[in-house]
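Chains B and P supply the protein sequences, listed in that same order.
Last residue of the first sequence: 215 in numbering that gives the first Met the number 0, with the numbers rising by one and none dropped.
Last residue of the second sequence: 215 in numbering that gives the first Met the number 0, with the numbers rising by one and none dropped.
Number of protein chains: 2
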Amino acid sequence: MRSYGQYCALAKALDVVGDRWILLIIRELLIRGRCRYVDLLNGLPGIATNLLAGRLKELEAAGVVRREAATAPVATPLYELTDRGRSLEPAIRAFAQWGSQLLGAWNGDEAFCNHWLAMPARLHLSDTAPDERPVTLEVRAGAEPLSIEATGGTVQVRPGPAKAPDAVLSGPPHILAALLVGRLALAKAVAGGATYTGDPAVLRRLQPEAVPAAAA
Amino acid sequence: MRSYGQYCALAKALDVVGDRWILLIIRELLIRGRCRYVDLLNGLPGIATNLLAGRLKELEAAGVVRREAATAPVATPLYELTDRGRSLEPAIRAFAQWGSQLLGAWNGDEAFCNHWLAMPARLHLSDTAPDERPVTLEVRAGAEPLSIEATGGTVQVRPGPAKAPDAVLSGPPHILAALLVGRLALAKAVAGGATYTGDPAVLRRLQPEAVPAAAA
DNA sequence: CGGCATCCTCTTTGATACTG
DNA sequence: CAGTATCAAAGAGGATGCCG
C-alpha cells in the first residue's frame, strides 16, 4: 500500500493493515492459529491467490506474520501471527462488534465459513461452571465443523471436529450466530431451522446470562 | 468498495469503512465534530478532492455521516458523524493505539496537523484535580492550535485557539506527542526542542500518573 | 497436490484543471 | 468554497502456468 505519509498513529496503523484483505487474513490467523497457505485461501473466499501471496509477504516484512519454512516432518510452510500481529486482536474485535449490527439474515449468496463463528463465540461465551467436568460443543454450519470446549473456567474455540462432543449444533449461519451470541433462545433457533442434539446443559453452561434474558 | 461478500461481522464492517481514506475521514470528524468540506480537505493532506467528495457520499449513503445543506445563517454545507459513525470511536482508538508503536521520530517530510494530537490527548489525559478552577492548555505544533481544557473532572480537547490559555506548549510533533502521552518528562521535552510557557501545574493536572514515572 | 509467479483486463486512485 | 470533470498510473480480480 501507498503510505498516507501522515505523522498520526491511526494513519501509521493503516499504512500496515489498511490494505484490502489484510484484516481478513489476520482474522483467519487469529481464528486458526498457525496454518497453511491453502487453509487461508479456503477461509478467504473471493481472494485471488496472487493477492494472498503478496499480502503475506508484506505482512511478513511488516513483522505481523511469521512464515515457517517447511522442515523435516512438515510438508508445507506454515503461517502464523507474531506478537505484534496478535496484538491487533482488540482492534479487530472492536471492528467486528461494530460490523455485527450490519449483519442481517443470511442471504444464501454470501460466502460463509463455519469457523468464522469463532469470533463471536470467543467474544460472548464463557465457562459459567468452572468446577464441573469439561464439555464440548460441536457446531456445524459449513463444510468444516467448529469445536467449542468449556473447561476449568475458560472457553476454547477452534476449527475442526470435536473428539466426543457432548452436544452438536447445526443450522443456518445467522441462526447459529444469534444463538451463540445469546440474541436468540434455543427454542426460537430450532424454530428458525437449527438442530441441537445432545445435552442442553452444554449450551447453557457456555452462555453468561444472555439465555435467561433472551428466552422470554 | 467492492463487497467482500462474506457473512462475517468483520467483513461487513470493512465493506463500509475498509476503503482507503475512510477511517481517516472519520478521524477528522471525530476530532473536529461538525465541519466544512475544506476543513476535511486540510486535515487530510494527500487526499484528492474528488476522492473526498466520493467517500463522503458513500459514507452518507451508509448512514455513517450526515450532510447538512447550507441554510439561512450558514454559508456552506456541514458534515458530521451520525450515531453510527460516532460508535466507531472505540475501534478507531484501538487501531490508533496499535499504530502508536509504529510512530517514531518525526521525519520532516511526513505531513502533520496539530489537531491530530487530540486523539492521544483524549486517550491519555484526564483532569486529576476536579475541584480546582478550570484551566486551559494551548498546544501549537502546526498551523492551527489545539486547546485542551480541564474542567470539573473532565478534559475537553478541540481544535482552535484557547481564549486565555493558562499555559502554552509548542515544539516538534513527536516531542509534543510523547510529552502529552506521558512518555516524556517536561524537562526532557524542553531539551528535545519543546517550549512551555505559563503555569507548569496545568500540564501536571492533566496527566494521570505518567509524569512522576517518566520523570525519572 | 500445495504454493506460488505471470499475464491480462478492469476498477480504483491520484493529480490537476475547471465550474457554479 | 464546494465540489465535478478528465486522464494517467496503480492496484485488484481472474485465469492459467510452473515447479517441487
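Each residue gets a CB set at the ideal place from its N, CA and C atoms; glycine is no exception.
Can you tell me the Cα-Cα spacing of L116(P) and L179(P), whole angstroms?
Taking the straight line joining both Cα atoms gives about 9 Å.
Going by other Cβ atoms of all chains shown within 10 Å of its Cβ, with 16 needed for buried, is R92(P) buried or exposed?
Looking at its Cβ environment, which holds 16 or more other Cβ atoms inside 10 Å, R92(P) is buried.
Taking just the CA atoms, how far does G42(B) sit from Q5(P)?
C-alpha separation (whole angstroms): 10 Å.
Do we get a CB-CB distance below 8 Å when we pair L168(B) with the residues of chain P?
It does not: the Cβ of L168(B) has no partner Cβ on chain P nearer than 8 Å.
How big is the Cα-Cα spacing for Q206(P) and D126(P)?
Cα to Cα, the separation comes out at about 7 Å.
Since A95(P) contacts A176(B) with CB under 8 Å, what's their CB separation in whole angstroms?
Contact doesn't hold; Cβ gap of about 29 Å is too wide.
Please decide whether I91(P) counts as near chain B, where near means a Cβ-Cβ distance under 8 Å.
Cβ-Cβ to chain B under 8 Å: yes for I91(P).
Consider the Cβ of E109(P): report whether some Cβ of chain B lies at a distance smaller than 8 Å.
True, the Cβ-Cβ gap to chain B drops below 8 Å.
In chain order, what residues of the same chain lie with their CB nearer than 7 Å to the CB of Y3(B), ignoring the 5 residues before and after it?
Closer than 7 Å at Cβ, skipping near neighbours: A10, L13, D14.
In angstroms with no decimal places, state the Cα-to-Cα distance between I147(B) and E79(P).
If I take the Cα positions, the gap works out to 42 Å.
Identify, in the order they occur along the chain, each residue of the same chain with its Cβ nearer than 8 Å to the Cβ of R35(P), setting aside the five sequence neighbours on each side.
Excluding residues within five positions, the ones whose Cβ falls inside 8 Å are T75, P76, L77, Y78.
Decide if T135(P) is buried, meaning its Cβ has at least 16 other Cβ atoms within 10 Å, or exposed.
Under this definition T135(P) is a buried residue.
Within 7 Å: the Cβ of K187(B) and any heavy atom of the ligand HEM?
This structure lacks the ligand HEM, and indeed carries no ligand of any kind.
For a cutoff of 8 Å on Cβ pairs, would you count Q155(B) as touching chain P?
So, not an interface residue.
For Y78(P), which beta-bridge partners are listed by DSSP?
According to DSSP, Y78(P) bridges with C34(P), R66(P).
Do we get a CB-CB distance below 8 Å when we pair P207(P) with the residues of chain B?
Not closer than 8 Å to any Cβ of chain B, the Cβ of P207(P) fails to qualify, so no.
Which same chain residues, not among the five before or five after A193(B), have their C-beta less than 6 Å away from its C-beta?
Only G170, I174 meet the Cβ criterion.
Looking at the strands, I want to know which residues DSSP matches up with T153(B).
Partner(s): T150(B).
Looking only at C-alpha atoms, which of A149(B), A61(B), M118(B) sits nearest to G84(B)?
Of A149(B), A61(B), M118(B), the residue nearest in Cα terms is A61(B).
Compute the Euclidean distance between the alpha carbons of L185(B) and A200(B), then round it to the nearest angstrom.
Their backbone Cα atoms lie some 11 Å apart in a straight line.
Between L51(P) and the rest of its own chain, which residues show a CB-CB distance below 8 Å, the 5 nearest in sequence each way excluded?
So the list reads W20, I24, Y36, L39, L40, L43, once near-sequence residues are dropped.
Check this for me: beta carbons of F111(P) and G159(P), under 8 Å apart or not?
Against a cut-off of 8 Å, the Cβ pair of G159(P) and F111(P) comes out as no contact.
Taking Cβ-Cβ distances shorter than 7 Å, what residues in chain B pair up with C7(P)?
Near C7(P) (Cβ distances below 7 Å), the residues of chain B are W115.
Using only alpha-carbon positions, find the residue among L87(B), R33(B), W97(B), G53(B) that is nearest to A68(B).
The residue with the shortest Cα to Cα distance from A68(B) is R33(B).
Closer than 7 Å between beta carbons: that is the criterion. Which residues of the segment 21-53 of chain B meet it against chain P?
Per Cβ criterion, the list reads L22, L23, R26, P44, G45.
With distances taken from CA atoms, which of P172(B), L28(B), Y195(B) is nearest A104(B)?
Ranking the options by Cα distance to A104(B), first place goes to P172(B).
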